[in-house]
Every structure is written in structure tokens, then in C-alpha cells.
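Note that the numbering used here has the sequence shown beginning at 1, numbered continuously upward. The beta-carbon is built from N, C-alpha and C at its ideal position, and this holds for glycine as well.
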Amino acid sequence: PGAAESLVQEYGERVYRLAFRITGNPQDAEEVAQDALWTAARKIGTFKGESAFGSWLYRITANTAYQKLRGRRGRDHAEISWEVLLPHFDGNGHHAEPVEDWSGKVEEPILHRELRDVLSSAVEALPTDYRTAFLLHDVEGMPNREIAKSLGISLPAVKSRVHRSRLFLRQRLGRYLTVA
């Protein structure tokens with residue numbers, strides 16, 4: 001496979017996840033992931049090796065996602081594309097993406113669903129910079145130094161953003177989880 005194909009195979013899913021977490025929209029995330037991977041493939045010669053390759057690629061992805069968010073401001077967010085809602089199939093007629101298993105969700109307790117919704121809402125309420133640092137650290141498990149390099153910020157700034165994000169989430173979730 002070529003360099004671009006190798007990038008997609010090795011990093012495609014992680015790049016998409018980061019793009020989705022920043023944009024909050026599957027269609028935008030897919031576009032950001034494609035743009036970021038394409039940019040990385042074109043500019044791979046400029047990679048100096050001063051940081052991990054993944055950090056360099058995450059920085060490209062984050063910058064591309066932030067550009068997308070800036071361009072999205074003022075646009076009507078109420079649009080729903082049917083294309084996003086319909087299933088996608090590969091060349092063999094199989095689902096291109098895994099089909100979600102709903103069997104366990106039918107019996108899922110309402111409280112778990114509520115907690116998930118409250119948590120998602122709280123994470124979405126974080127400012128974008130804080131949300132990105134929090135998700136990279138606490139969800140993706142990325143080390144602080146790598147986050148700093150990926151986002152182009154200092155190590156203390158990463159620690160501060162993660163800490164403040166946790167405090168914010170603790171406050172938001174504390175209201176929900178307090179026993180009456």
C-alpha cells in the first residue's frame with residue numbers, strides 16, 4: 001500500500017475519533033479526518049521527528065477540526081443529511097461500518113441512560129480547548145507531553161485544562177449524583 005493508504009490503515013480510526021470529539025458531528029468529523037490524513041500524506045516530508053508521529057498527526061487533525069468549527073459558526077445547525085442516517089455498504093454489499101447491537105439496550109436501566117446523557121452533556125458544555133485536552137488525556141489515554149506537542153501548548157497548560165475540566169465535570173455531575 002502507498003503512504004496515504006498506510007496512514008489511513010494505521011491512524012484513520014484514531015484521527016476520526018479525535019475529529020468527532022472536537023466537532024461533535026459525524027459528517028464534519030469524516031471530512032476533517034480525510035483532510036487531516038491528506039494533509040499529513042502531502043506534508044510527510046516536513047515531519048522532523050522532534051515528537052512522536054502520532055502527536056504530529058493529532059496536531060494536524062486538531063487544527064483542521066478547529067478550522068472546521070470556525071467555518072461552521074453562523075451556519076444553520078438544524079440541517080440533517082439523510083446520507084448520514086442511511087447505512088453504508090462496501091463493494092461486496094456488506095455493511096461498511098459495524099451494525100450497532102441494540103439487544104442489550106432494550107433492557108438497559110433508565111438511570112444508566114440518564115447518567116450517560118448527563119455526562120455527554122457536561123463534556124459537550126466544556127470549552128473546545130478544555131474538552132479536547134480532557135478527551136485526549138482521560139478518554140484516549142494520551143500522555144500529557146504528547147498532548148502538549150499535539151495541541152501546540154505548554155505542559156502546564158495541558159495539566160491545567162485537564163484539571164479544570166475534571167473540576168467542571170465533577171461540579172456538573174455532583175448535582176446529578178447527590179443522594180437526596
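6 angstroms Cβ shell around residue i - same chain, five flanking residues per side excluded
i: Glu124; result: none
i: Leu135; result: Arg21
i: Thr128; result: none
Beta-carbon proximity of residue i to residue j, cut-off 8 angstroms
i: Lys149; j: Ser55; result: yes
i: Leu119; j: Leu177; result: no
i: Val15; j: Ala41; result: no
i: Ser154; j: Tyr130; result: no
i: Ala52; j: Val32; result: no
i: Arg161; j: Ala122; result: no
Exposure label - residue i; buried when at least 16 CB within 10 Å
i: Arg175; result: exposed
i: Val8; result: buried
Contact set for residue i: own chain, Cβ-Cβ below 7 angstroms, skip 5 residues either direction
i: Ala29; result: Tyr16, Ala19, Phe20, Thr23
Reduced DSSP secondary structure (H/G/I, E/B, other) of residue i
i: Leu126; result: coil
i: Pro26; result: helix
i: Ala157; result: helix
i: Ser121; result: helix
i: Lys149; result: helix
Residues of its chain near residue i, where Cβ-Cβ distance is below 8 angstroms and the 5 sequence neighbours each way are ignored
i: Arg59; result: Lys149, Ser150, Leu151, Gly152
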